[in-house]
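Student: Handing you this structure, nothing more for now.
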Amino acid sequence: MGLDLKFVATGAKRVFDSRPMYAQIIVTDDCNLTCRYCDEYTPGAPIIPLETLKQRIDKLDELGVLVYDFLGGETLMHPQIAELIKYTKTKRGGSNLTTIITNGFLLTGPMIRDLNEAGLDFMQVSVDSLHPTAMSEKSLKSVLPRLRLLAKEAKFTVEIQTVLNDETYNTYEEFRATVKELPFAFGFSVQHGQGGQINIKGEKFLELLEKYGVFEGVNFYGDHLKEMLKGDFSRPWKCLSGFKFLYVNSKGGVQWCAQQRDYMYPLEMMDLAQLRANNVHKHCEAGCSLGCVRMVSHTLGEPLKTFGASVKLALGMSKQTKQSKEKADRREPVAA
Ligand SMILES: C[S@@+](CC[C@H](N)C(=O)[O-])C[C@H]1O[C@@H](n2cnc3c(N)ncnc32)[C@H](O)[C@@H]1O
Ligand code: SF4
Ligand code: SF4
């Protein structure tokens, strides 16, 4: 999977036009787990019919969406998830990007192969700890064999995401040591409380984030996050939800995001005028730690800063490559 030139060109246009870039689409509110920090699931909720979801994709594509992020509830509880990915990839000649966010519990070999075939680009597997806790069952004890299966079979990019809170902080080093052989990227979602506001605080989190390189590259809200972890929410920013970022709930309503439900607009009626009208500051910006919305908002709202961060990352990576090449050259030659 590589970034398509058409994607890059259309993505650049999104900085200046009035069309959305990124959509989160709920495929079911049902979930197989009950994480204590989460309020984004309803046990026993229905699966959204494939045809309904396809109509939502048609509309989102017509509006101009380039990145589709499927989630729930638990995304893999949808029995036709691979078909939905395949359908989404028929748009824009497949130059759009598709992501699944999942707790990974339902992953199987045949499912991974179906997702490969469907053209899935990314999978974010949420794993919090080594063993289940009262807060979260999302642990390596249940998921490690499935992660190994992914390492063996997946043709899409995989990232392991951990909800950063006091509990996961305490076990994170051991967690990373246990999964060090896995060829995946690792990241955090900073724990939020109701309304999307950050609900962890402290320098210890900063140290962990710095150590694992979260402030490099794609974390365009790094400075905000550093300040927020110290309790300072004063730095201004503009949330582009409802404009560049659309959250489509199970009923087909567009909300600001997973955490704010005061705005609700039917997706089928969404047009460019409404999108432009949504390009306003939101009352909950101070202290917001919703990574996806912030990533889209900072990338499109502050493109020069984003470009600067990408160049810094690329330079850092080429320096790293040079250093590891030098290190390899210094090693004893291996007998043929
Ligand atoms: C709502 S879940 C849906 C997908 C799937 N069930 C999963 O857990 O990956 C989407 C993401 O939100 C994260 N999440 C849920 N509650 C959170 C919270 N209070 N703070 C930060 N992230 C949270 C989950 O860990 C997951 O990565
Ligand atoms: S975080 Fe995911 S797995 Fe946990 S309860 Fe929420 S939706 Fe379910
Ligand atoms: S600032 Fe935006 S993303 Fe954050 S909680 Fe408010 S509406 Fe949601």
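Residue numbering for the sequence shown follows the numbering used here, starting at -14 and increasing by one per position. Here a beta-carbon is modelled for each residue, glycine too, at the ideal position from N, C-alpha and C.
DSSP three-state label for I97, please.
Tutor: As a first step, residue 97 must be located in the sequence shown, where it is residue number 112. In the structure shown, I97 sits in a helix (DSSP, three-state: H, G or I).
Student: Along the chain, where does the alpha helix (DSSP H) containing S127 start, and where does it finish?
Tutor: Walking along the sequence shown from the start, residue 127 turns up at place 142. It spans L125 to E138 - the alpha helix (DSSP H) in which S127 sits, taken as one unbroken run.
Student: Inspect the CB distances between the segment -12 to 0 and the segment 45 to 57 and report whether three or more fall short of 8 Å.
Tutor: Contact between the segment -12 to 0 and the segment 45 to 57 is present, because at least three Cβ pairs lie under 8 Å.
Student: Enumerated in chain order, which unbroken segments of the beta strand (DSSP E) with a length of 3 residues or greater are wholly contained in the segment 186 to 249?
Tutor: Taking only runs of at least 3 residues, the beta strand (DSSP E) segments lying wholly in the segment 186 to 249 are 230 to 233 and 238 to 240.
Student: Mark A262 as exposed unless 16 or more other C-beta atoms lie within 10 angstroms of its C-beta, in which case mark it buried.
Tutor: By 1-based counting over the sequence shown, the position of residue 262 is 277. A262 should be labelled exposed.
Student: Mapping DSSP to helix, strand and coil, what is A162?
Tutor: Position 177 of the sequence shown, counting from 1, holds the residue named residue 162. If DSSP states are grouped into helix, strand and coil, A162 belongs with the helices.
Student: Evaluate N88 with the Cβ neighbour count: other Cβ atoms within 10 Å of its Cβ, from every protein chain shown; 16 or more gives buried, anything less gives exposed.
Tutor: Locating residue 88 in the sequence shown gives position 103, counting from the first residue. Buried.
Student: Ligand 1 heavy atoms versus the CB of N331: any closer than 8 Å?
Tutor: Here the chain has residues from -14 to 321 only, and residue 331 is not among them.
Student: Among M120, K189, V281 and M108, which has the Cα closest to the Cα of L132?
Tutor: Along the sequence shown, one-based indexing puts residue 132 at 147. Looking at the Cα atoms, M108 is the closest of the given residues.
Student: For my contact list, F173 and L194 are in at a C-beta cut-off of 8 Å; report their separation, rounded to the angstrom.
Tutor: The count along the sequence shown starts at 1 and reaches residue 173 at position 188. The count along the sequence shown starts at 1 and reaches residue 194 at position 209. So it is a contact: roughly 7 Å between Cβ atoms.
Student: Please report how far the alpha carbon of Y206 lies from the alpha carbon of P221, in whole angstroms.
Tutor: As a working note, residue 206 is residue 221 in the sequence shown. As a working note, residue 221 is residue 236 in the sequence shown. Approximately 11 Å, taken between the alpha carbons.
Student: When burial is assigned at 16 or more other CB atoms within 10 Å of the CB, is Q176 buried or exposed?
Tutor: Position 191 of the sequence shown holds residue 176. That one is buried.
Student: Select from V112, F55, K76 and L38 the residue whose C-alpha is nearest the C-alpha of I86.
Tutor: Locating residue 86 in the sequence shown gives position 101, where the first residue counts as 1. Per the Cα distances, F55.
Student: Hey, would you say the C-beta of N17 is under 8 Å away from at least one heavy atom of ligand 5?
Tutor: This structure does not include ligand 5; its bound ligands are ligand 1, ligand 2 and ligand 3.
Student: Pull up the distance between the alpha-carbon of Y250 and that of M62, whole angstroms please.
Tutor: Position 265 of the sequence shown holds residue 250. Position 77 of the sequence shown holds residue 62. Roughly 26 Å separates the two Cα atoms.
Student: Give every residue of the same chain whose Cβ lies closer than 6 Å to the Cβ of T19, excluding the five residues on either side of it in the sequence, and list them in chain order.
Tutor: By 1-based counting over the sequence shown, the position of residue 19 is 34. Excluding positions up to five away in sequence, the list is empty.
Student: Look up H63 in the DSSP assignment and say whether it is helix, strand or coil.
Tutor: By one-based count along the sequence shown, residue 63 stands at place 78. Of the three classes helix, strand and coil, the one that applies to H63 here is coil, per DSSP.
Student: Give the straight-line distance between the Cα atoms of L298 and G198, rounded to the nearest whole angstrom.
Tutor: Here residue 298 corresponds to residue number 313 of the sequence shown, with the count starting at 1. Here residue 198 corresponds to residue number 213 of the sequence shown, with the count starting at 1. Residue placement at L298 cannot be trusted, given a pLDDT of 45 that sits under 50; what the coordinates show is reported in the next sentence. Each residue's Cα considered, the two are about 10 Å apart.
Student: Rounded to whole angstroms, how far is the Cβ of Q9 from the Cβ of Y232, which I believe are closer than 8 Å?
Tutor: Here the question's residue 9 lines up with position 24 in the sequence shown. Here the question's residue 232 lines up with position 247 in the sequence shown. Right, the Cβ-Cβ distance comes to about 5 Å (below 8 Å), so this counts as a contact.
Student: Please confirm whether any heavy atom of ligand 1 lies closer than 8 Å to the CB of A243.
Tutor: As a first step, residue 243 is located in the sequence shown; it is residue number 258 there, counting from the start. True, at least one ligand heavy atom lies under 8 Å from that Cβ.
Student: Please identify the residue among N155, V143, D99 and N101 whose C-alpha is closest to the C-alpha of H116.
Tutor: To locate residue 116, count along the sequence shown from 1; it is residue 131. Minimum Cα distance to H116 is reached at N155.
Student: Ligand 2 and G276: does the residue's C-beta get closer than 8 Å to at least one heavy atom of that ligand?
Tutor: Looking up residue 276 in the sequence shown gives position 291. No - ligand 2 has no heavy atom lying nearer than 8 Å to the Cβ of G276.
Student: Please determine, among D208, N17 and D217, the residue with the shortest C-alpha to C-alpha distance to G29.
Tutor: As a working mapping, residue 29 is identified with position 44 in the sequence shown. For G29, the nearest C-alpha among the options comes from N17.
Student: Please determine, among A243, S114 and N264, the residue with the shortest C-alpha to C-alpha distance to R26.
Tutor: By one-based count along the sequence shown, residue 26 stands at place 41. The identity of residue 26 in the sequence shown is Tyr, whereas the question assumes Arg. Cα-wise, what sits closest to Y26 is A243.
Student: List the whole-angstrom C-beta distance separating I32 from T73, where the pair is believed to meet the contact cut-off of C-beta under 8 Å.
Tutor: Sequence index remark: in the sequence shown, residue 32 carries index 47 (1-based). Sequence index remark: in the sequence shown, residue 73 carries index 88 (1-based). Incorrect: roughly 17 Å between the Cβ atoms, too far for contact.
Student: Within 10 Å of its beta-carbon, does G227 have 16 or more other beta-carbons around it, so buried, or fewer, so exposed?
Tutor: As a working mapping, residue 227 is identified with position 242 in the sequence shown. So G227 counts as buried.
Student: Cβ of L260 within 9 Å of Cβ of R(-1)?
Tutor: Translated into positions along the sequence shown, residue 260 becomes position 275. Translated into positions along the sequence shown, residue -1 becomes position 14. In this structure, R(-1) does not lie closer than 9 Å to L260 by Cβ.
Student: Can you find the residues in the same chain that come closer than 6 Å, C-beta to C-beta, to Q146, ignoring five residues on each side of it along the sequence?
Tutor: Here residue 146 is taken as the residue at index 161 of the sequence shown, counted from 1. Only Q109, S111, G172 and S174 meet the Cβ criterion.
Student: Please specify which runs of the beta strand (DSSP E), each continuous and at least 3 residues long, are wholly inside the segment 0 to 42, giving them in chain order.
Tutor: DSSP runs (the beta strand (DSSP E)) wholly in the segment 0 to 42: 7 to 11.
Student: Within its chain, find whatever has a CB closer than 6 Å to the CB of L92; leave out the 5 residues flanking it on each side and keep chain order.
Tutor: Stepping through the sequence shown from its first residue, residue 92 is reached at position 107. So the qualifying residues of the chain are R131.
Student: Considering only the beta carbon of each residue, do L225 and G180 sit closer than 9 Å?
Tutor: Numbered from its first residue, the sequence shown carries residue 225 at position 240. Numbered from its first residue, the sequence shown carries residue 180 at position 195. Result no, Cβ atoms of L225 and G180 do not sit closer than 9 Å.
Student: Give me the Cβ distance between S127 and S114, rounded to the nearest whole Å; I'm assuming they're in contact under 8 Å.
Tutor: Indexing the sequence shown from 1 puts residue 127 at position 142. Indexing the sequence shown from 1 puts residue 114 at position 129. Contact doesn't hold; Cβ gap of about 11 Å is too wide.
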